[in-house]
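Data block below; observations after.
Residue numbers (the working numbering): 1070 to 1717.
Below you can see the structure in the form of structure tokens.
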């Protein structure tokens, strides 16, 4: 268990990456609980721990905000990456972002790719997830010229089978050669994938004071002929080079693209508590989304007897195109939600799509100073340039918007003692707002980037084998929801003010524990709230979320390890509008889930192997995912997963 700042001095890694002997993780020994620095969110292989994910950090999505990084380099990601490239993914907030250059208000999604391998090998993973859906994955690591040229990558195939009967399959493949000469490391990559067959989950729209009844499990309520198909690609490369004793260069250029050959969204809009609903199918034409992005940084290093100084100068940019609209709305009349309502196949009548072009860039200068026993100072200043152009498909009308803000970050960390540390910080960023939900009149439209501000502070206590972290934060940004015409647009401001805590460590020789909690007061304000058109609670954001992950190694069979995950999710607002003058909103009740499992490491012949079995949602808790304001989908019920991983 590491107890340092985490990603920290990302530039310090450049020097080590230019030297031989980087360790390559073996898949069979992966353990997300044991490997995590804290309980704020870590993904290793197919396992995830912690209270935060790339889609939900302090109540917001750092991925939607455009805060993805590849080995610390800015990456405007619009298509999912193959797991064959990633060694791990961590959410960088609080102390873990303390010495990370140019942190973001909504947090950083930090993807770390596999390093250059020392020895040839491969890892094979065979998994079964919900309703026995298979996943097969193969990772390769192949040194070609010792310490200079190597190849990593792999391929996978997976099926998704969900509680509501929805289904999809996907394939992915990736390759990443790594070249290292003298003090320079260059690593290009290609990651491709596709979802050739899909049955998407049905959505439920609510507008009154009641929730729908939970439908029977594994009963698909959509049209079996309405099958979306997607393909995506990510490609690019990173470069790290130590020019001299004091100068390091690093950068990367990337292309991320997704093509929706066809897409469907099936919606039941409830009319009364019996389940009577208007049944609608939205069919989308071919729509593309793609982005070219990159970043370059020069770093000047000054290392004294105690202080380490880093001066950063850099530039980052992106050019994104998002197509939306052109959809056909197929009205199937009334139906009872929960009972299949099959309809004859219809040929949609599409119209031209809308095109949203975003060009954004920033010049950056930063300074990080660190002294063991004293603390850390992290300062950054950016001059950003944002230009957006929306071309309406039918009329050809063009709408433009722009912004040229100054952005900043400032963090002060103080080492009060060898075991007690404090920090305070603030960040101001220009972050994406995601896309409009499928139930909106402007479905999938790229929403404008907006200014986001965060203030935070915290304390960390280091003890033998672990750490306790408590942070307070406040994040404010514009709030998007439905207006009177069902257009998903900016209607006010939202503020998330709260406290988060993380306890992580090895307790004795057998117990690993990660315990995290976030307590927030999310609130919406603005004219829409004042006029009673919107409630004060943002849709889908709980005030309380707690997660505890643990495993305990026994002597049974030489190390059989029971695992457990306990999760509590507080109630979440669903309805956008208040139900009464007191401001009450329709909400999904709070719920608790428990996952129980076993892990065993052993050798298969001479091959390191691990097997893991988990029962997820042991008590079969039934609840809803809040997709957007007034919009729900069924959340998965109890299921069993089984994983076998072997290193060759």
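We put the CB at the ideal spot given by N, CA and C, even for glycine.
Within the same chain, show all residues whose beta-carbon is closer than 6 Å to that of residue 1568, passing over the 5 residues directly before and after it, in chain order.
The count along the chain shown starts at 1 and reaches residue 1568 at position 499. 1541 and 1588.
Does the contact criterion of 3 or more C-beta pairs under 8 Å hold for the stretch 1169-1182 versus the stretch 1510-1523?
yes
What's the call for residue 1506, buried or exposed, on a 16-neighbour Cβ count within 10 Å?
Along the chain shown, read from residue 1 onward, the residue named residue 1506 stands at position 437. Counting Cβ neighbours within 10 Å, residue 1506 comes out buried, since at least 16 surround it.
Give a yes or no on whether the C-beta atoms belonging to residue 1668 and residue 1636 are separated by under 8 Å.
Here residue 1668 refers to the residue found at position 599 of the chain shown. Here residue 1636 refers to the residue found at position 567 of the chain shown. Contact flag unset, no.
Label residue 1489 either buried or exposed according to how many other C-beta atoms from any shown protein chain fall within 10 Å of its C-beta, with 16 as the threshold for buried.
If you number the chain shown from 1, residue 1489 lands on position 420. It counts as exposed.
Between which two residues does the alpha helix (DSSP H) holding residue 1102 run?
The sequence position of residue 1102 within the chain shown is 33, counting from 1. Segment 1101-1104, the alpha helix (DSSP H) holding residue 1102.
Within the continuous alpha helix (DSSP H) that includes residue 1242, where are the two ends?
Mapped onto the chain shown, residue 1242 falls at position 173. Segment 1236-1250 is the beta strand (DSSP E) holding residue 1242; no alpha helix (DSSP H) there.
In chain order, what residues of the same chain have a beta carbon less than 7 Å from the beta carbon of residue 1090, not counting five sequence neighbours either side?
Within the chain shown, residue 1090 is the residue found at index 21, counting from 1. Here the model assigns residue 1090 a pLDDT of 41, short of 50, so the residue's position is not dependable and the matter cannot be decided.
Can you tell me whether residue 1689 is buried or exposed? The criterion is at least 16 other CB atoms within 10 Å of its CB, across all chains shown.
Looking up residue 1689 in the chain shown gives position 620. With fewer than 16 Cβ atoms within 10 Å of its Cβ, residue 1689 is classed as exposed.
Do residue 1180 and residue 1127 come within 8 Å of each other at the CB atom, strictly closer than that value?
As a working note, residue 1127 is residue 58 in the chain shown. As a working note, residue 1180 is residue 111 in the chain shown. No, the Cβ-Cβ distance between residue 1127 and residue 1180 is not below 8 Å.
Rounded to whole angstroms, what is the Cα-Cα separation between residue 1428 and residue 1602?
Walking along the chain shown from the start, residue 1428 turns up at place 359. Walking along the chain shown from the start, residue 1602 turns up at place 533. The alpha-carbon atoms of residue 1428 and residue 1602 are separated by roughly 33 Å.
So, at 6 Å on beta carbons, what are the nonlocal neighbours of residue 1571 in its own chain, with the 5 sequence-adjacent residues on each side left out?
Translated into the one-based positions of the chain shown, residue 1571 becomes position 502. Counting only Cβ-Cβ distances below 6 Å, and skipping sequence neighbours, we find 1107, 1108, 1109, 1538 and 1585.
What first and last residue would you give for the alpha helix (DSSP H) that runs through residue 1125?
Position 56 of the chain shown, counted from the start, is the residue given in the question as residue 1125. Note, residue 1125: premise wrong, no alpha helix (DSSP H); not H, not E.
Between the C-alpha atoms of residue 1711 and residue 1194, what's the straight-line distance to the nearest angstrom?
For the purposes of this step, residue 1711 is taken as the residue at position 642 of the chain shown. For the purposes of this step, residue 1194 is taken as the residue at position 125 of the chain shown. Their Cα atoms are separated by approximately 11 Å.
Would you report the Cα separation of residue 1457 and residue 1517, rounded to the nearest angstrom?
Taking the chain shown and counting its residues from 1, the one referred to as residue 1457 is at position 388. Taking the chain shown and counting its residues from 1, the one referred to as residue 1517 is at position 448. Their Cα atoms are separated by approximately 8 Å.
At least three beta-carbon pairs within less than 8 Å, the stretch 1245-1257 to the stretch 1668-1681
no
Rounded to a whole number of angstroms, what is the C-alpha to C-alpha distance between residue 1203 and residue 1267?
Working through the chain shown from its first residue, we reach residue 1203 at position 134. Working through the chain shown from its first residue, we reach residue 1267 at position 198. Residue 1203 and residue 1267: Cα-Cα distance of roughly 15 Å.
On a CA-only basis, which of 1231, 1326, 1366 and 1391 is nearest residue 1271? Give me that one, please.
Within the chain shown, numbered from 1, the residue matching residue 1271 stands at position 202. Measuring from the Cα of residue 1271, the nearest candidate turns out to be 1231.
Closest by CA to residue 1238, which one among 1464, 1229, 1560 and 1465?
On the chain shown, position 169 is the one that residue 1238 refers to. Among 1464, 1229, 1560 and 1465, the Cα nearest to that of residue 1238 belongs to 1229.
Inspect the beta-carbon positions of residue 1378 and residue 1334 and report whether they are closer than 8 Å.
Translated into positions along the chain shown, residue 1378 becomes position 309. Translated into positions along the chain shown, residue 1334 becomes position 265. Contact flag unset, no.
Among 1189, 1406, 1331 and 1554, the one whose alpha carbon lies nearest that of residue 1289:
Within the chain shown, numbered from 1, the residue matching residue 1289 stands at position 220. Measuring from the Cα of residue 1289, the nearest candidate turns out to be 1406.
Does the beta-carbon distance from residue 1687 to residue 1706 come in below 8 Å?
Position 618 of the chain shown, counted from the start, is the residue given in the question as residue 1687. Position 637 of the chain shown, counted from the start, is the residue given in the question as residue 1706. For residue 1687 and residue 1706, no; Cβs fall outside 8 Å.
Confirm, please, whether the CB-CB distance from residue 1389 to residue 1145 is below 8 Å.
In the chain shown, counting from the first residue as 1, residue 1145 sits at position 76. In the chain shown, counting from the first residue as 1, residue 1389 sits at position 320. Yes; because the gap between Cβ atoms is below 8 Å, this pair is in contact.
Taking the beta carbon of residue 1693 as the centre, do at least 16 other beta carbons fall within 10 Å, making it buried, or is it exposed?
By 1-based counting over the chain shown, the position of residue 1693 is 624. It is buried - the Cβ of residue 1693 has at least 16 other Cβ atoms within 10 Å.
Mind the definition here: the stretch 1331-1345 touches the stretch 1363-1378 only if three or more C-beta pairs lie below 8 Å; say whether that holds.
no
So, at 7 Å on beta carbons, what are the nonlocal neighbours of residue 1442 in its own chain, with the 5 sequence-adjacent residues on each side left out?
Against the chain shown, residue 1442 aligns to sequence position 373. Here the set comprises 1484.
Any beta strand (DSSP E) of 3 or more consecutive residues that is wholly inside the stretch 1154-1181:
1155-1161
What would DSSP say about residue 1143, mapped onto helix, strand or coil?
Translated into the one-based positions of the chain shown, residue 1143 becomes position 74. DSSP places residue 1143 in strand when its eight states are reduced to three.
Cα-Cα, which of 1311, 1479, 1527 and 1465 is closest to residue 1449?
One-based indexing of the chain shown puts residue 1449 at position 380. Taking only the C-alpha atoms, the option nearest residue 1449 is 1479.
Can you give me the C-alpha to C-alpha distance between residue 1596 and residue 1652, rounded to a whole angstrom?
Locating residue 1596 in the chain shown gives position 527, where the first residue counts as 1. Locating residue 1652 in the chain shown gives position 583, where the first residue counts as 1. Roughly 15 Å between the two C-alpha positions.
Roughly how many angstroms lie between the CA atoms of residue 1274 and residue 1666, to the nearest whole one?
Your numbering for residue 1274 matches position 205 in the chain shown. Your numbering for residue 1666 matches position 597 in the chain shown. Cα to Cα, the separation comes out at about 36 Å.
Grab the span of the beta strand (DSSP E) containing residue 1208 for me, first residue to last.
Sequence index remark: in the chain shown, residue 1208 carries index 139 (1-based). Looking at the DSSP string, the run of the beta strand (DSSP E) that includes residue 1208 is 1203-1214.
Collapsed DSSP secondary structure at residue 1200 in the structure displayed:
Taking the first residue of the chain shown as position 1, residue 1200 is located at position 131. Of the three classes helix, strand and coil, the one that applies to residue 1200 here is helix, per DSSP.
Does residue 1435 pass the burial test, meaning 16 or more other C-beta atoms within 10 Å, or should it be called exposed?
Within the chain shown, residue 1435 is the residue found at index 366, counting from 1. Burial call: buried.
Burial state of residue 1555, where buried means 16 or more other Cβ atoms lie within 10 Å:
In the chain shown, residue 1555 corresponds to position 486, counting from 1. It counts as exposed.
Does DSSP put residue 1598 in a helix, in a strand, or in coil?
In the chain shown, counting from the first residue as 1, residue 1598 sits at position 529. Correct three-state label for residue 1598: helix.
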